[in-house]
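Protein chains: 2
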Amino acid sequence: MSSSRTARERVRAELTREIADIARRQLATEGATGLSLRAVAREMGMVSSAIYRYFPSRDDLLTTLIIDGYNALGEAVENADAATHREDHTGRWLAVCHAVRDWALAHPHEYALLYGSPVPGYQAPQDTVAAAVRDTVVYGRIISEAFHAGALNPPDVAPPPPAAFAEDATRVREIISDIPDDVVARALVAWTGLFGWVSFELFGQFNGAILNRDPAFDHAMRSHAAYLGLPL
Amino acid sequence: MSSSRTARERVRAELTREIADIARRQLATEGATGLSLRAVAREMGMVSSAIYRYFPSRDDLLTTLIIDGYNALGEAVENADAATHREDHTGRWLAVCHAVRDWALAHPHEYALLYGSPVPGYQAPQDTVAAAVRDTVVYGRIISEAFHAGALNPPDVAPPPPAAFAEDATRVREIISDIPDDVVARALVAWTGLFGWVSFELFGQFNGAILNRDPAFDHAMRSHAAYLGLPL
DNA sequence: GCTCGTCAAGAGCAGTGCTCTCTTTTATTT
DNA sequence: AAATAAAAGAGAGCACTGCTCTTGACGAGC
Numbered sequence: 008m009s010s011s012r013t014a015r016e017r018v019r020a021e022l023t024r025e026i027a028d029i030a031r032r033q034l035a036t037e038g039a040t041g042l043s044l045r046a047v048a049r050e051m052g053m054v055s056s057a058i059y060r061y062f063p064s065r066d067d068l069l070t071t072l073i074i075d076g077y078n079a080l081g082e083a084v085e086n087a088d089a090a091t092h093r094e095d096h097t098g099r100w101l102a103v104c105h106a107v108r109d110w111a112l113a114h115p116h117e118y119a120l121l122y123g124s125p126v127p128g129y130q131a132p133q134d135t136v137a138a139a140v141r142d143t144v145v146y147g148r149i150i151s152e153a154f155h156a157g158a159l160n161p162p163d164v165a166p167p168p169p170a171a172f173a174e175d176a177t178r179v180r181e182i183i184s185d186i187p188d189d190v191v192a193r194a195l196v197a198w199t200g201l202f203g204w205v206s207f208e209l210f211g212q213f214n215g216a217i218l219n220r221d222p223a224f225d226h227a228m229r230s231h232a233a234y235l236g237l238p239l
Numbered sequence: 008m009s010s011s012r013t014a015r016e017r018v019r020a021e022l023t024r025e026i027a028d029i030a031r032r033q034l035a036t037e038g039a040t041g042l043s044l045r046a047v048a049r050e051m052g053m054v055s056s057a058i059y060r061y062f063p064s065r066d067d068l069l070t071t072l073i074i075d076g077y078n079a080l081g082e083a084v085e086n087a088d089a090a091t092h093r094e095d096h097t098g099r100w101l102a103v104c105h106a107v108r109d110w111a112l113a114h115p116h117e118y119a120l121l122y123g124s125p126v127p128g129y130q131a132p133q134d135t136v137a138a139a140v141r142d143t144v145v146y147g148r149i150i151s152e153a154f155h156a157g158a159l160n161p162p163d164v165a166p167p168p169p170a171a172f173a174e175d176a177t178r179v180r181e182i183i184s185d186i187p188d189d190v191v192a193r194a195l196v197a198w199t200g201l202f203g204w205v206s207f208e209l210f211g212q213f214n215g216a217i218l219n220r221d222p223a224f225d226h227a228m229r230s231h232a233a234y235l236g237l238p239l
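Sequences listed follow chains A and B, in order.
Converting from the first sequence to our numbering requires adding 7 to each position, the first position being numbered 1.
Converting from the second sequence to our numbering requires adding 7 to each position, the first position being numbered 1.
Okay, here's the thing in C-alpha cells:
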C-alpha cells in the first residue's frame, strides 16, 4: 500500500526534479524571461499542460529556481569559508568575496535572478528568505568571530552610526550575533559593496572601462577588509 | 516645401515622443517585461503595426527609454551637485548619493532597467554609453576637484592598488581626470558601494532587516566619504 | 470487479512581437 | 491643376507565450 504509493510519489519527485533541471538549463542560456514552460515540456517530450501537474504556475517554477540558486550560492560560500583557517578572518572574508563573484560569473542568469531586477508581478514567497540569507549567515559568522577574537580594528575615521540605526542593528544581530552597532554598520557597507561590485561587473557597467577585473576586484575587497578593520 | 515637410516631421516627432511617454508610463507600472507594443498602440488608438513606423522593434523603444532614463538620472545628479557649494566636496558627494537614491526610489522600474539585470537578448547600442556616464562624470569631477584641492586625506589602511590596475586606471582617467591610481581605486569602491546599496534596497534584499533606511543610507555614504578621504 | 484519484493529452483563450499586403493620406514634381 | 512618389495607417496572419478546461487512460484501494 505505502510502497506503491511511494512508487508513484517517487516518479513524481523524479519528474519534478527533471523539470527543474531543464528549466535551470534554459535559464542559464536564455535568461529568466526566456524561460518557457512549453519549451521545458517539449524537451521532456511532454505536452505543455502536463507540466502544470507539477508546478501550478510559471512563478512557482521560478520560486524553485530562486531557492535552488540561493542554496547553490550559499553552499559555494560555505565551502569557500570552510577551506580556510578559522583564525584567518581576512582570508575568510576574501574567500567569501571570491566565492560570490566566481559563482556569479559562472551562473550569470541565476545571479541576475537573485540579485538583479525583481521579476515583475512576482512576489517572493517566505520560503525564499531562509535560503536567501545562507551566504549572509556565513559572512556574519566571520565578522562576529573576528570581532570577538579582537581581530577587528577599524580605522577611526568613520562617523558613529546614527541613533535611528539601533533598531535595525538589533534585527541584523539575529544573523550576525553579538556585535555592536558600529560593526553592524560597517559590515553592511562591505556587504553591499561586494554585491555592488559584482552586479556592476555582471550587468555591464564596467564595460569599456574596467577590463582587468580579477586584480581590481581582489583589491577592492581588500579595501573593504581594511575598512572593516580586518588585518592585512 | 520645407515648411510642409517640417509639418509632417513635426507630427512624426510628436507621435514618437507620445509613444515613448506612454511606454514610460507602462514601464513605471508594469516593469520592463510588461512593456507591450500592442498596449501602447491601444492606448494611442492606433493599430499595433503602426507603431513599427516609429520604432522598428521593441528593443529600439527600450533603448530610447534607457537613454532617457540615464539622462534623467544624470540630470538629477547634476542638479543636486549644482545646488551645493563647490568647495564642500563632502556635501557634493552626499548630494550625489542622495540624488541617485531618491531618483531610484521615485523610478524603481527605470532604475532596474539601467542597473538591474540586463534584458535578455538585448544588446545595449553605443548610443547609451554617452548618456550612461553622465552621472559618473559629475562624480568624477567632485573626486578630481577634491583631490586637487588637497581635500582628500584617505586613512592609511588600504593596500595600494596592484600594478595590473594601472591600465584600467588610465581608462578611468578619461572620465575622472588627473588623479593617481590609488584614488581611482578608492573612487571605484565608493561608487560601486553606492549602487550596491541602492540596488539592495530597491531589489528587496533589505526586506525584513533594514527598515529605517534613510539614516542608514546616509551613514553608509558618509562612511564611504570617510574611506575616500573626504573631510567629515 | 468496480470505483476513484492521478496523470497525460488536446483543444482552446487571450495575449505577445513582428511581417506582409493593401489602402489612404500627404507632399512633391511636372 | 494633375500626376507621381513617399509616408503612414489598417488589417490579416504567423509563431509564440501562460494558462484553463475537458476528455480519456491507467493503476491502487474497497
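Where is the CB? At the ideal position from N, CA and C, for every residue including glycine.
Bear in mind that the values here come from a model prediction, so they are computed numbers and not experimental data.
Distance between beta carbons of residue j and residue i, contact taken as under 8 angstroms
| i | j | result |
| --- | --- | --- |
| Arg193(B) | Tyr234(B) | 7 angstroms |
| Ala102(A) | Thr91(A) | 5 angstroms |
| Arg24(A) | Tyr77(A) | Not quite, the Cβ-Cβ distance comes to about 17 angstroms (not below 8 angstroms), so this is no contact. |
| Ala138(A) | Ile182(A) | That pair is no contact at about 14 angstroms. |
| Ile186(B) | Ile150(B) | 7 angstroms |
| Phe224(B) | Gly123(B) | Their Cβ separation, rounded to whole angstroms, is 19 angstroms, which puts Phe224(B) and Gly123(B) out of contact at 8 angstroms. |
| Ala20(B) | His116(B) | Not a contact, Cβ separation roughly 25 angstroms. |
| Leu237(B) | Thr97(B) | 4 angstroms |
| Ala232(B) | Trp100(B) | 5 angstroms |
| Thr71(A) | Ala27(A) | 5 angstroms |
Span of the alpha helix (DSSP H) around residue i
| i | result |
| --- | --- |
| Ala139(B) | 134-139 |
| Phe224(A) | 220-235 |
| Asp175(A) | 173-179 |
Interface flag, residue i vs chain A, CB-CB below 8 angstroms
| i | result |
| --- | --- |
| Glu16(B) | no |
| Tyr146(B) | no |
| Leu218(B) | yes |
| Arg229(B) | yes |
| Pro125(B) | yes |
| Glu152(B) | no |
| Gly200(B) | yes |
| Leu235(B) | no |
| Asp44(B) | According to the sequence shown, residue 44(B) is Leu rather than Asp. Taking Cβ atoms only, chain A never reaches closer than 8 angstroms to Leu44(B), which makes this a no. |
| Thr97(B) | no |
Backbone secondary structure at residue i - three-state DSSP
| i | result |
| --- | --- |
| Glu6(A) | No answer is possible for residue 6(A): the residues shown for chain A start at 8 and end at 239. |
| Pro115(A) | helix |
| Gly211(B) | coil |
| Asn160(B) | coil |
| Ile182(B) | coil |
| Ala216(B) | coil |
| Ala165(B) | coil |
| Val126(B) | coil |
| Leu101(A) | helix |
| Leu201(B) | helix |
| Leu239(B) | coil |
| Ala131(A) | coil |
Closer than 8 angstroms to chain B by CB, residue i
| i | result |
| --- | --- |
| Asn78(A) | no |
| Phe210(A) | yes |
| Ala223(A) | yes |
| Glu117(A) | no |
| Gly215(A) | yes |
| His226(A) | yes |
| Ala27(A) | no |
| Ala131(A) | yes |
| Ser206(A) | yes |
| Thr70(A) | no |
| Asp75(A) | no |
Closer than 7 angstroms: residue i CB and nearest the ligand MN heavy atom
| i | result |
| --- | --- |
| Arg148(B) | The ligand MN is absent from the structure shown, which contains no ligand whatsoever. |
* Completely contained alpha helix (DSSP H) runs for the stretch 27-73 of chain A, where each covers 4 or more residues -> Runs of the alpha helix (DSSP H) spanning 4 or more residues and lying entirely within the stretch 27-73 of chain A occur at 44-51, 55-58, in chain order.
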